[in-house]
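Colleague:
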Amino acid sequence: MTVKIMDSTEVTKKVFDKEELFILDVRNENDFKDWKIEGGNFQYLNVPYFELLDGVEEIIGKIPTDKEVLVVCAKEGSSVMVAEMLSEAGLTVSYLKGGMKAWSEHLEPVKIGDLNDGGEIYQFVRIGKGCLSYMVVSNGEAALIDATRMTDIYLNFIEKIGVKITHVFDTHLHADHISGGRTIAEKTGATYWLPPKDATEVTFDYQPLEDGNDVTIGNTIINIHALYSPGHTIGSTSFVVDEKFLLSGDILFIDSIGRPDLAGKAEDWVGDLRETLYKRYRELSEELIVLPAHFMIIDELNDDGSVAEKLRTLFAKNHGLNIDDENEFRKMVTENLPPQPNAYQEIRQTNMGKINPDIDQQREMEIGPNRCAVR
Amino acid sequence: MRFVNYKVGGNIEMETTKVLDAKGLACPMPIVKTKKAIGELEPGQVLEIHTTDKGAKNDLTAWAKSGGHELLKHEEENGVLKFWIKKG
Numbered sequence: 000m001t002v003k004i005m006d007s008t009e010v011t012k013k014v015f016d017k018e019e020l021f022i023l024d025v026r027n028e029n030d031f032k033d034w035k036i037e038g039g040n041f042q043y044l045n046v047p048y049f050e051l052l053d054g055v056e057e058i059i060g061k062i063p064t065d066k067e068v069l070v071v072c073a074k075e076g077s078s079v080m081v082a083e084m085l086s087e088a089g090l091t092v093s094y095l096k097g098g099m100k101a102w103s104e105h106l107e108p109v110k111i112g113d114l115n116d117g118g119e120i121y122q123f124v125r126i127g128k129g130c131l132s133y134m135v136v137s138n139g140e141a142a143l144i145d146a147t148r149m150t151d152i153y154l155n156f157i158e159k160i161g162v163k164i165t166h167v168f169d170t171h172l173h174a175d176h177i178s179g180g181r182t183i184a185e186k187t188g189a190t191y192w193l194p195p196k197d198a199t200e201v202t203f204d205y206q207p208l209e210d211g212n213d214v215t216i217g218n219t220i221i222n223i224h225a226l227y228s229p230g231h232t233i234g235s236t237s238f239v240v241d242e243k244f245l246l247s248g249d250i251l252f253i254d255s256i257g258r259p260d261l262a263g264k265a266e267d268w269v270g271d272l273r274e275t276l277y278k279r280y281r282e283l284s285e286e287l288i289v290l291p292a293h294f295m296i297i298d299e300l301n302d303d304g305s306v307a308e309k310l311r312t313l314f315a316k317n318h319g320l321n322i323d324d325e326n327e328f329r330k331m332v333t334e335n336l337p338p339q340p341n342a343y344q345e346i347r348q349t350n351m352g353k354i355n356p357d358i359d360q361q362r363e364m365e366i367g368p369n370r371c372a373v374r
Numbered sequence: 000m001r002f003v004n005y006k007v008g009g010n011i012e013m014e015t016t017k018v019l020d021a022k023g024l025a026c027p028m029p030i031v032k033t034k035k036a037i038g039e040l041e042p043g044q045v046l047e048i049h050t051t052d053k054g055a056k057n058d059l060t061a062w063a064k065s066g067g068h069e070l071l072k073h074e075e076e077n078g079v080l081k082f083w084i085k086k087g
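Sequence lines, in order, name chains F and C. Per numbering that gives the first Met the number 0, the very first residue in the first sequence carries number 0; after that it's consecutive. Per numbering that gives the first Met the number 0, the very first residue in the second sequence carries number 0; after that it's consecutive.
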């Protein structure tokens, strides 16, 4: 049998389409427990590659022959070795091209909808890490919001659809992933906007993003309205795009809300978070479609792979928006928080421009899920 | 030879029996070679491994444990990870 190669695009399609896949993850147990490829109909077997050096006889019986089988490791090498051993034993299997490293860096563009006057809004789903970035396109121009460090993907995309990036925004100073905003602004000549309260320590020039700022993309009436919404960070800012979409950053997610502890003490910002979610957002139209900067679990994906839901639905169903008692809310967002994202302090320093890690270090820093939410 | 090769934890004496240079090799080769090198040692002898594969730390730790070997010490120097494993 020959060994097949499956890339992250193909695996993403299987996640979106809820297909079946049997994943043999050959990383060590701790890495597997911490972070793996999530799919609604995926099955898993975790056996570290270093326990298979003498042969795969012991696991052959556990691998189905009526399902597609994908062998996964950190960077590809070990999965190739194990896949070849399984192949020699008569099985047809694939390995994941580039391993979890490639999975973490894969972005899948999904069109969310049309805007007034022919514009469009796209969501870039970083499926392996749960990060979501956005591109608003209108009349030959584009704005990019919460870009990842995989800047080539956006630059190739705008070349393909023939538009120019004129504005780049970060909703807040990110702690879970390295922003590509500054790099893209430098490469394209676009304006880079940051909330000043999150940017007090940055080492580069930026355009301060204030509550009430309106930015026009293209020559149409599509506008991006900034709404100060602190809580996850002190500067966190949401955007209302075309009076139709609410880009909520790390404040409100589909099935959870933002955690207030990644840039300081949770106790300091819990009041801001409460006010944003229970007052500022309550004043917005419930017809707005919420587009968050993250998803945590695969169940938050819609059938087309997008992560989007009406604000009205979230007011009804999101547990974090339905805690009447302030003390209970305070307890929920300050106690029993999930572990903090890997290297979050170093990531913040990088996003401030204070440290400049190389690409391998950046990858290492971003390993694992995003963990920006509390549920 | 540096001091660290002879002292572990301040009081346990150990001596490296063999040094394995796995620098520049990608996963799974550092562990494949470690396994082979350990196989050539007697129980109680110590293998010193040099690698530049960042993932080796967690993997060697887990591998040593599952194989009944003891990871005595590890350190990092100029991007090179060094491990001392006592054969069990």
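Note that beta-carbon positions come from the ideal geometry of N, C-alpha and C, so glycine has one too.
What is the DSSP secondary structure of C/Gly38, counted as helix, strand or coil?
Modeller: Three-state DSSP puts C/Gly38 in a helix.
Colleague: By alpha-carbon positions, which one of F/Tyr280, F/Glu266, F/Ile216 ends up nearest to F/Leu245?
Modeller: F/Tyr280
Colleague: Residues of chain F with a CB under 8 Å from the CB of C/Ala61: which are they?
Modeller: Asn27, Glu28, Asn29, Pro47, Phe49
Colleague: Taking 7 Å as the threshold (beta carbon to beta carbon), is F/Gly263 in contact with chain C?
Modeller: no
Colleague: Report the rounded CA-to-CA distance for F/Ala265 versus F/Val332, giving the unit in angstroms.
Modeller: 7 Å
Colleague: By how many angstroms is the C-alpha of F/Cys130 removed from the C-alpha of F/Phe168?
Modeller: 15 Å
Colleague: Could you check which residue in C/Lys53, C/Thr60, C/Ser65, C/Ile84 has the C-alpha nearest to that of C/Gly78?
Modeller: C/Lys53
Colleague: Where does F/Ser247 sit, in a helix, a strand or coil, going by DSSP?
Modeller: strand
Colleague: Round the Cβ separation of F/Ile297 and F/Gly39 to the nearest angstrom and send it over; I've been treating them as touching at under 8 Å.
Modeller: 6 Å
Colleague: If the cut is a Cβ gap below 7 Å, which residues of chain C does F/Ala73 touch?
Modeller: Cys26, Gly54
Colleague: Which residues in the same chain as F/Asn369 place their Cβ atom closer than 8 Å to its Cβ, once the five residues preceding and following it in sequence are excluded?
Modeller: Lys128, Gly129, Cys130, Asp175, His176, His293, Met295, Pro340
Colleague: Taking the alpha helix (DSSP H) that F/Phe314 belongs to, which residues open and close that run?
Modeller: 310 to 316
Colleague: By how many angstroms is the C-alpha of F/Arg181 removed from the C-alpha of F/Phe156?
Modeller: 18 Å
Colleague: If we cut at 7 Å on Cβ distances, does F/Leu276 have a partner in chain C?
Modeller: no
Colleague: Give me the chain F residues within the contact set of C/Val31, using Cβ-Cβ distance strictly less than 7 Å, ordered along the chain.
Modeller: Leu52
Colleague: Kindly say whether C/Lys85, judged by its beta-carbon, lies nearer than 7 Å to any beta-carbon of chain F.
Modeller: Closer than 7 Å: no.
Colleague: Would you grab the beta carbon distance between F/Met99 and F/Leu51 for me? Rounded to a whole angstrom, and I think it's under 8 Å.
Modeller: Not quite, the Cβ-Cβ distance comes to about 18 Å (not below 8 Å), so this is no contact.
Colleague: Alpha carbon to alpha carbon, how far is F/Glu67 from F/Val14? Give it in angstroms, no decimals.
Modeller: 13 Å
Colleague: By how many angstroms is the C-alpha of F/His105 removed from the C-alpha of F/Pro194?
Modeller: 27 Å
Colleague: Chain F partners of C/Asn77, CB-CB under 8 Å?
Modeller: Within 8 Å Cβ-Cβ: nothing; C/Asn77 doesn't reach chain F, min ~14 Å.
Colleague: Straight-line CA distance for F/Leu251 to F/Asn326?
Modeller: 19 Å
Colleague: On the DSSP bridge list, what partners appear for F/Cys130?
Modeller: F/Arg125, F/His293
Colleague: Among F/Glu9, F/Lys32, F/Gly179, which residue has its Cα nearest to the Cα of F/Ile346?
Modeller: F/Gly179
Colleague: Since F/Asp6 is in the beta strand (DSSP E), which residue starts that stretch and which ends it?
Modeller: Careful: F/Asp6 lies outside any beta strand (DSSP E) and carries neither H nor E.
Colleague: State yes or no: is the beta carbon of F/Gly76 nearer than 7 Å to at least one beta carbon in chain C?
Modeller: Yes, F/Gly76 lies at the interface with chain C (some Cβ there is under 7 Å from its Cβ).
Colleague: Taking all protein chains shown into account, do 16 or more other C-beta atoms lie within 10 angstroms of the C-beta of F/Ala315, making it buried, or fewer, making it exposed?
Modeller: exposed
Colleague: Based on the DSSP output, what are the partners of F/Lys110 in its beta bridges?
Modeller: F/Tyr121
Colleague: Given that a residue counts as buried once 16 or more other Cβ atoms are within 10 Å of its Cβ, and exposed if not, what is F/Ser199?
Modeller: Sequence check: residue 199 of chain F is Thr here, not Ser. Answer is exposed; the Cβ neighbour count stays below 16.
Colleague: State buried or exposed for C/Phe82, treating a residue as buried only when at least 16 other CB atoms are found within 10 Å of its CB.
Modeller: buried
Colleague: Please tell me whether C/Lys64 has its Cβ less than 7 Å away from any Cβ of chain F.
Modeller: no
Colleague: For F/Met80, would you say it is in contact with chain C, using Cβ-to-Cβ distances shorter than 7 Å as the test?
Modeller: yes
Colleague: Does F/Ile358 come out as helix, strand or coil in the three-state DSSP assignment?
Modeller: helix
Colleague: CB C/Pro29 to CB C/Ala55, shorter than 7 Å?
Modeller: yes
Colleague: Please work out which residues of its chain come closer than 7 Å, Cβ to Cβ, to F/Asn45, disregarding the five sequence neighbours upstream and downstream, and give them in chain order.
Modeller: Taking C-beta separations shorter than 7 Å and ignoring five residues to either side along the sequence, the partners of F/Asn45 in its chain run Asp24, Glu28, Phe31, following chain order.
Colleague: Taking C-beta to C-beta, are F/Thr170 and F/Thr275 nearer than 7 Å?
Modeller: Their beta carbons are not under 7 Å apart, which means F/Thr170 does not touch F/Thr275 by this criterion.
Colleague: Could you name the residues that DSSP lists as bridge partners for F/Ile142?
Modeller: The residue you asked about is not Ile; residue 142 of chain F is Ala in the sequence shown. DSSP output for F/Ala142 lists F/Val135, F/His166 as bridge partner(s).
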